[in-house]
Amino acid sequence: YPDKVDHLLQEEKKGLHNLKRYSENQLQEISRQLQVLYSHRQKLFEFCKEKGRVLDIISENARPRHLSQDQIGNKFLGPENTDCQAAIRSARGTCEKFRNIQPLNWYKPENRRELKESVTQALGKKADESAHIWEDSTLTSGDVRNMTQRQQRIHDEMETGYHLQLGPVSSLDLSVRERLDRPLVKILQRHPGTQLPESTLISQGTVSLQKSLSKTRDTIGLLHDTQIKLKEDQENKLRGESIDRAAARLRVRSAKGRRERLCL
Numbered sequence: 001y002p003d004k005v006d007h008l009l010q011e012e013k014k015g016l017h018n019l020k021r022y023s024e025n026q027l028q029e030i031s032r033q034l035q036v037l038y039s040h041r042q043k044l045f046e047f048c049k050e051k052g053r054v055l056d057i058i059s060e061n062a063r064p065r066h067l068s069q070d071q072i073g074n075k076f077l078g079p080e081n082t083d084c085q086a087a088i089r090s091a092r093g094t095c096e097k098f099r100n101i102q103p104l105n106w107y108k109p110e111n112r113r114e115l116k117e118s119v120t121q122a123l124g125k126k127a128d129e130s131a132h133i134w135e136d137s138t139l140t141s142g143d144v145r146n147m148t149q150r151q152q153r154i155h156d157e158m159e160t161g162y163h164l165q166l167g168p169v170s171s172l173d174l175s176v177r178e179r180l181d182r183p184l185v186k187i188l189q190r191h192p193g194t195q196l197p198e199s200t201l202i203s204q205g206t207v208s209l210q211k212s213l214s215k216t217r218d219t220i221g222l223l224h225d226t227q228i229k230l231k232e233d234q235e236n237k238l239r240g241e242s243i244d245r246a247a248a249r250l251r252v253r254s255a256k257g258r259r260e261r262l263c264l
């Protein structure tokens, strides 16, 4: 059956999927922004190449002497190119827009490190809980063993009393203090002259002892089954504690940048 650790691992898996989706959205948005910025960069680079060719063509000797220095610089070498100015303004506006505007529905999920630490702490608590359950199961197993032995002693005593109730098997059986005609009670009961006064009580007591013996056997069987299940639970809890502690230790070491295999 699933326990709390399975639920925690599912929560961690869900959180990692959300973090993956968030990172993918980030990468897609950044890729789109880079494409836009790259297009602006290409335009500016073309204008720079064009400006460089113009500067190579126009030299100091080619300047008209009747124009002033300010007029020459503003007209031929200045930044009055409208296309270039429009490209620069567009690139600056795009940069400001990308810097100040966050995309819609771009929420940041829970931090991966915090999520991992919470699951690791929960694994440690689950291992401690398994250790406590193992200790309780050990104590309960001892109590069940004592109860089984007590019921077995009661069963043996009742079985001995049942056999004594039946009477001796032969005349050689001198250890039982009963009349030798006791096994013939049912036969003698058929004739009015030979009826015994305690025959009915003996028969009822025998039936009651048989029922009690049957119930005691069922109880002992249930106690044996419970003992077996408790032993299986002890082994499972001990194995689960070992796995949980090994997983928690592995997660702690991996968080610190170390590598370790999960050894059980």
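So the sequence shown is numbered by the UniProt record's numbering: it starts at 1 and just counts up by one.
Cβ atoms here follow ideal geometry from the backbone N, Cα and C, with glycine treated the same way.
Just so it is clear, the structure is predicted and the values come from calculations on it, not from any experiment.
- Contact between the segment 232 to 241 and the segment 124 to 138 is present: three or more C-beta pairs spanning the two stretches fall below 8 Å.
- By the criterion of at least three beta-carbon pairs nearer than 8 Å, the segment 138 to 158 is not in contact with the segment 41 to 48.
- In this structure the segment 151 to 169 lies against the segment 217 to 230, because at least three pairs of beta carbons, one per stretch, are closer than 8 Å.
- Taking C-beta atoms as the reference points, residue 127 and residue 244 count as a pair closer than 7 Å.
- When only Cα atoms are considered, residue 117 and residue 51 end up about 58 Å apart.
- Where residue 88 is concerned, the enclosing alpha helix (DSSP H) starts and stops at 82 to 100.
- By the neighbour-count criterion, in which 16 or more other beta carbons inside 10 Å mark a residue as buried, residue 86 falls on the exposed side.
- Taking the CA atoms as reference points, residue 202 sits about 56 Å from residue 129.
- Around the beta carbon of residue 55, fewer than 16 other beta carbons lie within 10 angstroms, which makes this residue exposed.
- With respect to residue 47, residue 84 sits close: the two C-beta atoms are nearer than 7 Å.
- Only buried fits residue 15, as 16 or more other CB atoms lie within 10 angstroms of its CB.
- Cβ atoms of residue 9 and residue 119 come within 8 Å of each other, at about 7 Å.
- DSSP places residue 58 in the coil class of the three-state scheme, outside both helix and strand.
- About 44 Å separates the beta carbon of residue 19 from that of residue 140, a gap too long to meet the 8 Å contact definition.
- Of the residues assessed, residue 27 falls on the exposed side of the cut-off, its CB having fewer than 16 other CB atoms within 10 angstroms.
- Per the C-alpha coordinates, the member of 213, 204 and 255 positioned closest to residue 160 is 213.
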